[in-house]
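A.B. asks: Take this structure first; my questions come after.
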């Protein structure tokens, strides 16, 4: 009996050990946290994180427009003017501020756009991103270009 009890305890311990060592399934929240982890080994600036969030929202808006739905803008895009940047000297320029204000004006137009002009307003928004990045930080342009709504 004692031997059976010890064998049972050993067996249960092995099961518990193997279960605790298995990878846990990713929840939507853990997957989102993982996708928001820094792409930069030195960490990301507040502005870099904000711009990634802006891109993700723009992807959703693009799909909403393609489906004929009203675009939903939930992000606080005005933070573009105050977020700490990787290269603060670039965002301190009047050029960056002008591009940012143009972008924010396009966001406001998108919020008010009707079904007849929403696609054109969205394309103008994407173009404002492309223009700024062409002048100040060209790296993300390939990705931003994918936001355009292709004509079929």
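Residue numbers (the numbering used here): 564 to 715. Glycine included, each C-beta is placed from N, C-alpha and C at the ideal position. In this text the structure is predicted, and so the values were computed from the model without any measurement.
(1) How far does the alpha helix (DSSP H) with residue 695 in it extend, from its first residue to its last?
(2) Starting from residue 653, trace the alpha helix (DSSP H) in both directions and tell me its first and last residue.
(3) Which residues in the same chain as residue 701 place their Cβ atom closer than 7 Å to its Cβ, once the five residues preceding and following it in sequence are excluded?
(4) Just verifying my parser: in three-state terms, what is the DSSP assignment at residue 640?
(5) I need the straight-line Cα distance from residue 649 to residue 609, nearest angstrom please.
(6) Check residue 672 in the structure and name its three-state DSSP category.
(7) Mapping DSSP to helix, strand and coil, what is residue 713?
(8) Between residue 686 and residue 706, what straight-line distance do the alpha-carbon atoms span, to the nearest angstrom?
(9) CA-CA distance, residue 658 and residue 642?
C.D. replies: In this structure, then:
(1) Looking at the DSSP string, the run of the alpha helix (DSSP H) that includes residue 695 is 681 to 699.
(2) Start and end: 651 to 654.
(3) Taken in chain order, the list of residues that qualify is empty.
(4) Residue state for residue 640 is assigned as helix, using DSSP reduced to three classes.
(5) Rounded to the nearest angstrom, the gap between the Cα atoms of residue 649 and residue 609 is 8 Å.
(6) The answer is helix: DSSP assigns residue 672 an H, G or I state.
(7) Of the three classes helix, strand and coil, the one that applies to residue 713 here is coil, per DSSP.
(8) Cα to Cα, the separation comes out at about 14 Å.
(9) Looking at the backbone, the Cα of residue 658 and that of residue 642 are separated by about 17 Å.
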